[in-house]
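Undergrad:
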Amino acid sequence: MKLNLHLTRIFFTVVRENSFSKAAKVLFVSQPAVSKAVRELESQLGLDLLERTTGGQSKTGRLRLTDSGRALYARAHEIFALEQLAINDLEEHLSASQGRLTIGASTTVASYWLPPLLARYREGHEEVALRVVVGNTESICHDLKEYRLDLAIIEGTTEDPLILAKDVLTEKLNLIAPVSFQLSSNQHDAMTQLNDAVWLVRERGSGTRTVTESLLRANDIVPSKIIEFGSSEGIARAVSHGLGISMLPNVVTKELAELGRVKVMAPAFLPEFQRKLKLLTRVNSTLSPVAEDFACQIISALPEKQSAS
261 MKLNLHLTRI FFTVVRENSF SKAAKVLFVS QPAVSKAVRE LESQLGLDLL
311 ERTTGGQSKT GRLRLTDSGR ALYARAHEIF ALEQLAINDL EEHLSASQGR
361 LTIGASTTVA SYWLPPLLAR YREGHEEVAL RVVVGNTESI CHDLKEYRLD
411 LAIIEGTTED PLILAKDVLT EKLNLIAPVS FQLSSNQHDA MTQLNDAVWL
461 VRERGSGTRT VTESLLRAND IVPSKIIEFG SSEGIARAVS HGLGISMLPN
511 VVTKELAELG RVKVMAPAFL PEFQRKLKLL TRVNSTLSPV AEDFACQIIS
561 ALPEKQSAS
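Going by my numbering, 387 is the number at position 127 of the sequence shown; the sequence numbering is gapless.
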């Protein structure tokens, strides 16, 4: 059995885009040509790769793969990821004086921690073309696995076996409330207040959301009412206007607290909340020289002693 990589690429794109028409646009060919290529691949392999349902999709709107299709897609993902990595490596060697570095960063990292790191790195690497991709933890991890990023820094957690995570900084989290909010000195009453309050939280997939939920559960706080926001800054401003309470990084809330726009609550019955910022790389994947250099600078520039800042 031989595998036609051209046809496999078309099949892979169809599954990745979850659409024949979207794959056609990505590949700059017609939709009938894409459909024909997938059928031809199936014919060459003597295997059905897609289940034939109405419109080629399930009730959920997703393409349905056969067992053979899932196996081929998984291997194709590895093949084309390695192809992209090889291209990146060759471009680095062909243009060693003009390397490229694409960094993924979750929103809080990109807004507060990454700018000074990039400025320091840029001083000795003016020739490196830098690109920063910002998203929540979930999307950043996805892009890293897809080889769209060289490395990433997030404030969340990941259990993905394809990603290696290294702690680089301990970050303080503050429990904040509107200045008018009065938390009882009685622990039982205070816990009732915290459970009954409106909590402002990040969207699903955000590292801040995941860490916040974990810390709250660990301390028996179960918010009954929540409002989702797409940014930590938006949450902080909303708290200052009395919309609810939240748990946010100190770097986000520090200025508003100093201005008296929000109140930082630190009840004695609750611990000091912290989370880890993590440097992410792919498992069993060698970093390019510029990425390796930047990773070393991150580790040296973010010592644990800065954790309270």
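For glycine and all other residues, C-beta sits at the position ideal for the given N, C-alpha and C. A quick note: this is a predicted structure, and the numbers were derived from the prediction, not measured.
Are the CB atoms of Glu431 and Arg535 nearer to each other than 8 Å?
TA: Going by C-beta atoms, Glu431 is nearer than 8 Å to Arg535.
Undergrad: What number of angstroms, rounded off, separates the C-alpha of Gln557 from the C-alpha of Val550?
TA: If you take the alpha carbons of Gln557 and Val550, they lie about 11 Å apart.
Undergrad: Flag Glu406 as yes if its beta-carbon sits less than 8 Å from any beta-carbon of chain C, otherwise no.
TA: Absence of chain C from the displayed structure is noted, only one protein chain being present.
Undergrad: Which complete alpha helix (DSSP H) runs does the stretch 508–544 hold, if anything under 4 residues is left out?
TA: With a minimum length of 4 residues, the continuous alpha helix (DSSP H) runs that stay inside the stretch 508–544 are 510–518.
Undergrad: Keeping to the same chain, check which residues put their C-beta closer than 6 Å to that of Thr368; ignore five residues upstream and five downstream.
TA: Excluding positions up to five away in sequence, the list reads Glu415, Ser492, Pro509.
Undergrad: Here's the rule: buried if 16 or more other CB atoms are within 10 angstroms of the residue's CB, otherwise exposed. What is Asn396?
TA: Looking at its Cβ environment, which holds 16 or more other Cβ atoms inside 10 Å, Asn396 is buried.
Undergrad: Between Val471 and the rest of its own chain, which residues show a CB-CB distance below 8 Å, the 5 nearest in sequence each way excluded?
TA: So the qualifying residues of the chain are Glu415, Gly416, Thr417, Leu433, Arg535.
Undergrad: May I ask you to report which of helix, strand or coil DSSP gives Ile423?
TA: Correct three-state label for Ile423: strand.
Undergrad: Do the stretch 439–456 and the stretch 395–413 meet, that is, are 3 or more Cβ pairs less than 8 Å apart?
TA: Contact between the stretch 439–456 and the stretch 395–413 is absent, because fewer than three Cβ pairs lie under 8 Å.
Undergrad: Using the C-alpha atoms, what's the distance from Leu422 back to Ala437?
TA: Approximately 39 Å between the Cα atoms of the pair.
Undergrad: Please state the DSSP three-state secondary structure of Ser399.
TA: Ser399 falls in the helix class under three-state DSSP.
Undergrad: Leaving aside the five residues before and after Leu583 along the sequence, list all residues of the same chain whose C-beta is less than 8 Å from its C-beta, in chain order.
TA: For the chain, the structure presents residues 261 to 569; residue 583 sits outside this window and is missing.
Undergrad: Going by the CB atoms, is the gap between Leu503 and Ile481 shorter than 8 Å?
TA: Cβ atoms of Ile481 and Leu503: not closer than 8 Å.
Undergrad: Using C-beta distances below 7 Å, list every residue in its chain close to Glu277, excluding the 5 sequence neighbours before and after it, in chain order.
TA: Hits under 7 Å: Ala283, Val286.
Undergrad: Along the chain, where does the alpha helix (DSSP H) containing Ser371 start, and where does it finish?
TA: From DSSP, Ser371 is part of no alpha helix (DSSP H); its letter is neither H nor E.
Undergrad: List the DSSP bridge partners of Thr362.
TA: Its beta-bridge partners are Arg391.
Undergrad: Just verifying my parser: in three-state terms, what is the DSSP assignment at Arg269?
TA: It is helical.
Undergrad: Along the chain, which unbroken stretches of the beta strand (DSSP E) at least 3 residues long are found entirely within the stretch 320–349?
TA: Listed in chain order, nothing qualifies, since the stretch 320–349 has no complete beta strand (DSSP E) run of 3 or more residues.
Undergrad: What is the DSSP secondary structure of Glu383, counted as helix, strand or coil?
TA: DSSP places Glu383 in helix when its eight states are reduced to three.
Undergrad: Apart from the five residues on each side of it in sequence, which residues of its chain come closer than 6 Å, Cβ to Cβ, to Asp553?
TA: Correct list: empty, nothing qualifies.
Undergrad: Going by CA-CA distance only, name the one from Val439, Val428, Glu419, Ile505 that's closest to Val461.
TA: Among Val439, Val428, Glu419, Ile505, the Cα nearest to that of Val461 belongs to Ile505.
Undergrad: With 16 as the cutoff for other CB atoms within 10 Å, does Met507 come out buried or exposed?
TA: Buried.
Undergrad: Take the Cβ of Pro483 as the centre, count every other Cβ of all protein chains shown within 10 Å, and call the residue buried at 16 or more, exposed below.
TA: Buried.
Undergrad: From the DSSP output, which residues share a beta bridge with Ala412?
TA: DSSP, once it has assigned bridges, lists Gly364, Leu540 as partnering Ala412.
Undergrad: What are the residues that DSSP puts in a beta bridge with Thr417?
TA: In the DSSP output, where bridge partners are listed per residue, Thr417 has none listed.
Undergrad: Determine the burial state of Asp410: buried for a count of at least 16 other Cβ atoms within 10 Å of its Cβ, exposed for fewer.
TA: Burial call: buried.
Undergrad: Taking the C-alpha atoms as reference points, what is the distance between Arg408 and Ser545?
TA: Approximately 13 Å between the Cα atoms of the pair.
Undergrad: Where do the N-terminal and C-terminal ends of the beta strand (DSSP E) with Phe489 fall, by residue?
TA: Start and end: 485–489.
Undergrad: Any idea what DSSP makes of Ser295, helix, strand or coil?
TA: In the structure shown, Ser295 sits in a helix (DSSP, three-state: H, G or I).
Undergrad: Could you tell me which residues DSSP pairs with Ser506 in its beta bridges?
TA: DSSP lists Ile436 as partners of Ser506.
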